[in-house]
Amino acid sequence: MKRAKIFTALVLALLGLAGIAAAQRAKMIQIKGSDTLVNLVQILAETYMEKNPGAALAVLGGGSSTGIAGLTNGTCEIANHSREWKQKEIDLAWEKGVKPRFFVVAVDGVSIIVNEKNPLDELKMSDVGALYRGDIKNWKAVGGPSQAVSLYGRQSNSGTYVFMQEHVLGMKNYSTDMKEMNGNAQIIEGVIQDAGGIGYVGVGYLFDESGNVRKGIRVLKISNGGAAFSPLDKAAVDSGDYPVSRPLYQATKGKPSAAAAEFIQFEISDEGQKIVEREGFFPISAAHRAANEKNLR
Amino acid sequence: MRKVIGLLMLLMVSLMSLTAQTTTPPPQTFSATVYFDYRHFLASDGPVTLKPAAATSAYKNSAFLFRRAYFTYENKINDDLKFRFRLDADNTANVTGVTLTGDPITGVTTSTDGKLRPFMKHLFLEYANFLVPKMVLNVGMIETLTFKPAEDRWGYRSVAKTLVDGYRDVTKKDILATSADIGVTLKYSFTKFFRVAAGLYNGSHYSKEETDQFKEIELQAQITPVAGFSIVGYMDHERKLPVASLPDETGPAQSIYKIDAFFERIKDLVLGVEWFSFKNDLYQTAGEKYDVGGWSAFGRYTIEPDKLALFARYDDYTPNSLDRGLDMGLAIAGIDWAPYNKSWRLQPNIWFYSYKDGTRYNASATRDSDVMFNLTFFLSF
C-alpha cells in the first residue's frame with residue numbers, strides 16, 4: 002500500500018513537471034551557433050519580439066559547430082552557422098533522424114585585416130593561405146615591412162575558422178603559432194595592439210558605432226589571380242569578385258515550426274534585410290530568397 | 041636549499057616566458073562529471089541480488105551512495121589529432137579486492153574496503169582522417185566498441201549502466217566485457233548509410249595488465265537505411281587459457297554477439313533495443329556449455345532540452361541458458377530534471393526487480409521482486 006502511494010505520488014509529480022515544462026517550451030525558440038551571426042540574429046530577434054509581443058527567442062553563440070550539434074541533439078530549434086555542414090555532421094544528423102533545412106539569411110565578406118601601421122593594401126589569396134599555414138613568417142616576403150607575422154584567428158569550433166581553412170588554407174592545418182581568439186572582437190583588438198598582426202573577421206565587425214571602419218586596422222583587398230577587391234565593396238561581394246565571401250545560414254530540424262518559420266520569414270523580408278545591411282553584412286540574393294521560400298514550405 | 045629555490049625560480053621564469061609567447065593556449069579542456077545517489081529500498085533492506093546471503097545486516101534501508109567521478113583532460117592538438125586523459129573513481133575500485141569463488145573465471149575482484157580510489161580509464165590519441173578521409177584511428181587505453189552505441193542512446197549512465205555494461209552488477213554473472221582496454225581501434229564511415237569499426241585489444245581490460253598471449257578482436261557494423269533508424273551489429277572474440285577444472289577444453293574461447301536497433305525519427309524521442317549472447321567455452325553445467333544473454337528495451341523523451349526529460353527501460357536477463365530459474369527482469373523509470381542549470385541535474389528513478397526465483401540469488405529471500413528508489417545527483421563542470 003505504502004509502495005503504491007509513493008509510486009502514485011511520483012507519477013503525479015512527473016506529470017506536473019511535464020505540463021509546466023511543455024507550457025514553458027511552447028513559448029521559447031532557442032537559437033544557437035555561429036559567433037559571426039550571434040549579434041546580427043540577436044538584433045533581428047529583438048526587433049521581431051518588439052513587433053510580436055507574444056514571441057520569445059533566445060539567441061546564443063558558441064560557434065557553428067555548437068549550433069549544428071545543438072540542432073542534432075535537440076537543444077535548439079534553429080542553428081546559426083557560417084559554414085556548410087561537414088560530412089560527419091550530416092552523417093550524425095541522418096543517424097539521429099534530423100533532415101536539416103537550410104536558409105541563407107545574410108552574406109558575409111570575411112575580411113582580412115592588418116594593423117594600420119602595415120603599409121600593405123592588398124594580398125593574394127594564396128599568400129593569405131601561406132601566412133596562416135605558417136609558410137611565410139615575415140611580412141617582407143609579401144611586399145610588407147621586415148617584421149615578423151603575428152597570426153590571429155578563431156578557435157576550431159568557429160565556422161569562420163573552418164571556412165578559412167577550406168577556402169583559403171587549402172584544407173591544410175593552421176600554423177601552431179596562430180593565436181586562437183574567442184571571437185571577432187578579440188581578433189580586432191589583437192591586431193590593433195600588434196604591429197605585425199593579421200586577422201580575419203566577419204565584415205559586420207569592422208565598423209565602429211558611427212559606421213566607420215574601426216581605427217587601428219587596415220582592411221586588405223584580396224585578389225585571386227586577377228584584380229583585387231575589398232570586402233567593403235558590396236557589388237564585388239555580391240558578384241563573387243571578392244573571393245572570401247560566404248553565405249550565412251540558419252538550419253532547422255526538417256520543416257520549421259510555425260513560430261520558427263515566422264521568424265525566418267521576418268529575417269529574409271525587406272525589413273529584416275535592412276537590419277542585415279545596417280549591421281554591416283550584405284543582403285541575400287534573389288536566388289537565396291527563392292531557395293529560402295521553398296524551404297519554408 | 042638555495043639550489044632548490046634557484047631551480048624553482050628558473051622554472052617559474054621559464055613558465056612565464058612560455059605564457060607570454062603563447063597568449064592563447066592550444067584548445068585544451070578540463071572537465072569533471074560526478075554522480076551519486078540517495079538510495080532507498082522501498083521493499084525492505086535491499087534487492088536480493090545486492091544483498092550478500094550471509095550479511096544482510098550490512099545493508100541499511102537507505103543511504104547516500106557515491107557512484108562515479110570522472111576527471112578528463114582533452115587536448116585538441118590540431119584538426120586531426122586529439123589526446124584524452126581520463127581518471128575515473130568509483131566505490132568498487134580497490135586495492136585489496138577478493139576473488140570471487142565458485143566460478144571457472146578467476147581474477148574477478150570485488151570491493152572490500154569501500155574507499156573511493158581514482159584509476160586510469162582513458163589515455164589515448166585519436167587521429168581523424170587517418171590514411172583516408174573519414175577514417176579514425178584510436179591508440180592507447182581506449183574506449184572499446186562494446187557499450188557505446190547503446191550507452192549514447194540510453195544517455196543515462198548516471199542512473200544505470202546499459203544491459204551489457206551492467207550485467208555483472210545485476211546478475212553477478214560476469215560476461216567479461218569492458219568499456220576500455222589497451223589497444224587500437226579503426227573506424228570508417230563509408231556513407232551516412234554504412235559505417236564499420238574494428239578493434240584489437242589486450243582483452244584483460246583497463247584495470248589489469250595483459251595476462252596471456254591472446255588478444256581480443258571486436259568488429260562492428262552500423263547501417264542507417266533511413267534517417268533516424270540504425271541497426272548496429274557487433275561481435276568480439278578472444279581465446280583464453282585452459283583451466284584445470286575443465287581439462288577437455290584445451291583451447292577455450294569466448295565471444296559476445298550483439299545487435300542494437302535505434303529509432304530516433306520522432307522529435308525528442310529516442311527508442312532502443314539491445315540483444316546479446318555471450319558464449320564461453322568455460323561456462324559449463326555438468327559438462328554442458330551454456331550461454332549467457334539478455335535483451336533490453338529503453339526510451340527517453342525530452343520535454344524541454346537541457347531541462348526536463350523522462351526515461352524508462354526494461355532489461356531481461358538469462359544468466360544461464362540451461363538454468364532458467366536464474367532468469368530475472370529489471371525495469372527502470374525516472375525523470376531527468378535540471379532545475380537551475382544543465383550542469384546540475386536531479387534524476388529521481390525507481391528500479392523494479394523481478395526474479396523467477398529469488399532464492400536462487402539469496403537463500404534467505406522471501407520474495408521474487410524488489411523495489412528501489414534512487415535520487416541521483418548529477419554534476420558536470
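Just so you know, the protein sequences line up as chains A and B, in that order.
So the first sequence is numbered by this note's numbering: it starts at 2 and just counts up by one.
So the second sequence is numbered by this note's numbering: it starts at 41 and just counts up by one.
Note that the Cβ used here is the ideal one computed from N, Cα and C, for glycine as well.
Since the structure is predicted, the reported quantities are computational estimates derived from the model, not experimental observations.
Check whether residue i and residue j have beta carbons under 8 Å apart
i, j, result
"B/L156", "B/V179", "no"
"B/H162", "B/A220", "yes"
"A/I223", "A/E123", "yes"
"B/Y393", "B/P87", "yes"
"B/T225", "B/L286", "no"
"A/N296", "A/F104", "yes"
"B/A349", "B/T342", "yes"
"A/K235", "A/F267", "no"
"B/F418", "B/S198", "yes"
"A/L93", "A/T73", "yes"
"B/I306", "B/G273", "no"
"B/R340", "B/G195", "yes"
"A/L41", "A/E280", "yes"
"B/I8", "B/L240", "With chain B covering only 41 through 421, there is no way to say anything about residue 8 of chain B."
"A/A107", "A/I218", "no"
"A/W95", "B/K188", "no"
"A/V245", "A/I113", "yes"
Neighbourhood of residue i by C-beta, 8 Å cutoff - its chain only, sequence neighbours within 5 removed
i, result
"B/L50", "A caution first: B/L50 carries a pLDDT of 48, below 50, which makes its placement in the model unreliable, though a value can still be read off. Cβ within range, chain order: n/a, list empty."
"A/P120", "G145 and P146"
"A/G184", "D36, G62 and R155"
"B/F269", "A301, F302, F303, E304 and R305"
"A/I137", "D128, A131, V143 and V150"
Span of the alpha helix (DSSP H) around residue i
i, result
"A/D92", "Q88 to E96"
"A/V42", "D36 to K52"
"A/H289", "A287 to L297"
"A/G191", "N185 to Q194"
"A/G273", "D271 to R279"
"B/R208", "Y207 to T211"
Start and end residues, beta strand (DSSP E) containing residue i
i, result
"B/F106", "S102 to K116"
"B/P379", "M368 to N381"
"B/V88", "Unbroken run through B/V88: none, as it is neither H nor E."
"B/N414", "S409 to S420"
"B/K248", "It is not in any beta strand (DSSP E) - B/K248 carries neither H nor E in the DSSP assignment."
"B/I215", "Premise fails: B/I215 is in no beta strand (DSSP E) and is neither H nor E."
"B/Y401", "No beta strand (DSSP E) holds B/Y401; DSSP gives it neither H nor E."
"B/N389", "W384 to Y395"
"B/L259", "E256 to V266"
"B/G239", "F234 to Y241"
Cut-off 6 Å between Cβ atoms - residues of its own chain near residue i, not counting five sequence neighbours on either side
i, result
"B/D323", "Contrary to the premise, residue 323 of chain B reads as Tyr rather than Asp in this sequence. Contacts found: Y330."
"B/S420", "T73 and S383"
"B/G327", "none"
"B/L366", "P359, N360 and R400"
"B/A371", "Y354 and F392"
"B/F170", "L177"
"A/K173", "R134"
Chain-order list of residues whose beta-carbon lies under 7 Å from that of residue i (same chain, five-residue window excluded)
i, result
"B/D410", "A83, P87, V88 and Y393"
"B/Q253", "none"
"B/R347", "Note on identity: in this sequence residue 347 of chain B is Lys, with Arg being the wrong assignment. Only A378 meet the Cβ criterion."
"A/F230", "K222, I223, A237, D242 and Y243"
"A/S83", "S35, T37, L38, S65, D109, G160, T161, F164, R247 and L249"
"B/A168", "D120 and V176"
"B/R193", "F302, V310 and G312"
"A/V99", "L72, T73 and K254"
"A/K256", "R102"
"B/G291", "R279"
Residue i CB to nearest heavy atom of the ligand ZN below 7 Å
i, result
"A/K125", "Ligands are entirely absent from the displayed structure, and the ligand ZN is therefore not among its contents."
For the stretch 272 to 335 of chain B, which segments carrying the beta strand (DSSP E) assignment without a break, of at least 3 residues, lie completely within its bounds, in sequence order?
293 to 303 and 309 to 325
Assess, as a yes-or-no matter, whether the stretch 72 to 86 of chain A is touched by the stretch 43 to 54 of chain A under the definition of 3 or more beta carbon pairs within less than 8 Å.
no
Every unbroken beta strand (DSSP E) inside the stretch 150 to 200 of chain B [3 residues or more]
157 to 168 and 175 to 183
Using 8 Å as the Cβ pair cut-off and three pairs as the minimum, do the stretch 158 to 172 of chain A and the stretch 108 to 115 of chain B touch?
no
Taking 8 Å as the threshold, find out whether the stretch 236 to 252 of chain B comes into contact with the stretch 354 to 369 of chain B through three or more Cβ pairs.
no
The stretch 86 to 105 of chain A touching the stretch 205 to 219 of chain A, judged by at least three CB pairs closer than 8 Å
no
Do the stretch 188 to 207 of chain B and the stretch 301 to 318 of chain B meet, that is, are 3 or more Cβ pairs less than 8 Å apart?
yes
Length-filtered (3 minimum) beta strand (DSSP E) runs lying within the stretch 54 to 136 of chain A:
57 to 63, 79 to 82, 101 to 116 and 123 to 125
Does the structure place the stretch 133 to 152 of chain A close enough to the stretch 178 to 192 of chain A that three or more beta carbon pairs sit under 8 Å?
yes
Continuous beta strand (DSSP E) assignments of at least 3 residues falling wholly in the stretch 198 to 260 of chain A:
198 to 203, 218 to 220, 222 to 224 and 246 to 254
As an exercise, report each continuous beta strand (DSSP E) stretch of at least 3 residues that is fully enclosed by the stretch 135 to 168 of chain A, in chain order.
151 to 155
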